[in-house]
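In case it helps, the working numbering puts the sequence shown at residues 36 to 189. Step one of this worksheet: look at the structure below.
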Amino acid sequence: MSLLKSFDPARLCGKWVNQLGSHMILTADKCGNISGRYNSAVGKAEDFYVLTGRFDTTPPDNKGVSLGWVVTYKNTKLEAHSTGTWSGLYFDQTRGASREMILTHWLLTRSTEGKDVWESTRAGNDVFTRDEPGDDGVDSNAKPGFARPVRSRL
36 MSLLKSFDPA RLCGKWVNQL GSHMILTADK CGNISGRYNS AVGKAEDFYV LTGRFDTTPP
96 DNKGVSLGWV VTYKNTKLEA HSTGTWSGLY FDQTRGASRE MILTHWLLTR STEGKDVWES
156 TRAGNDVFTR DEPGDDGVDS NAKPGFARPV RSRL
């Protein structure tokens, strides 16, 4: 039986930006906890929102590191009555990528009346990198969209 190497949580720490210009600042620890702040560039988001999540501390070699987090859009400036979740994989040059990135699928659920539950959740995907998006506001490697496989240059 081989023991898997521990993943260095410092790799996840710091500022990340998605293809639409939403920002998050992550802190991760050796126990697999993620905490931080998230500010969406889309919708009526104001200021940063609390982010909390988990990641795989002993991922297989040469494969993405699984991770996920949740943000409830409530802070001192806005109560949006909605919660977003992201589930995805972290890649870097040691895991087959050309650059550091987090590829995710997301769900955004807003409060509704019982008769409208069917339309309360939206799905899509995000690609987070350490770089700001291009001048057009969208990273050419990461177009947003509804839930579908993400193609990216790894």
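Beta carbons: idealized from backbone N, C-alpha and C, even for Gly.
Identify whether residue i lies in helix, strand or coil by the three-state DSSP scheme.
{"i": "Lys79", "result": "coil"}
{"i": "Glu11", "result": "Outside the shown range of the chain, which is 36 to 189, sits residue 11, and nothing can be said about it."}
{"i": "Thr92", "result": "coil"}
{"i": "Glu154", "result": "helix"}
{"i": "Ala132", "result": "coil"}
How would you label residue i, buried or exposed, when you count the other beta carbons within 10 angstroms and need 16 or more for buried?
{"i": "Val162", "result": "buried"}
{"i": "Val199", "result": "What the structure shows of the chain is the stretch from 36 to 189, and residue 199 is not part of that stretch, so it cannot be assessed."}
{"i": "Gly71", "result": "buried"}
{"i": "Glu135", "result": "buried"}
{"i": "Ser133", "result": "exposed"}
{"i": "Arg165", "result": "exposed"}
Of all the options the options, which has the alpha carbon lying nearest to the alpha carbon of residue i?
{"i": "Ala158", "options": "Thr139, Asn74 and Asn53", "result": "Thr139"}
{"i": "Gln128", "options": "Lys40, Arg46 and Asn74", "result": "Arg46"}
{"i": "Glu114", "options": "Trp121, Ser146 and Phe90", "result": "Ser146"}
{"i": "Trp141", "options": "Val152, Asp151, Glu148 and Ser117", "result": "Ser117"}
Could you round the C-beta distance between residue i and residue j to whole angstroms and report it? I think they count as a contact, below 8 Å.
{"i": "Leu102", "j": "Gly123", "result": "6 Å"}
>> Quick test of the definition: if touching needs 3 or more C-beta pairs under 8 Å, does the region 79–91 touch the region 59–68?
In response: As far as the Cβ criterion goes, the region 79–91 touches the region 59–68, which means the pair count is three or higher.
> Is the region 74–83 touching the region 93–103 in the sense that three or more CB pairs, one from each, lie closer than 8 Å?
Replying inline: The region 93–103 is not in contact with the region 74–83.
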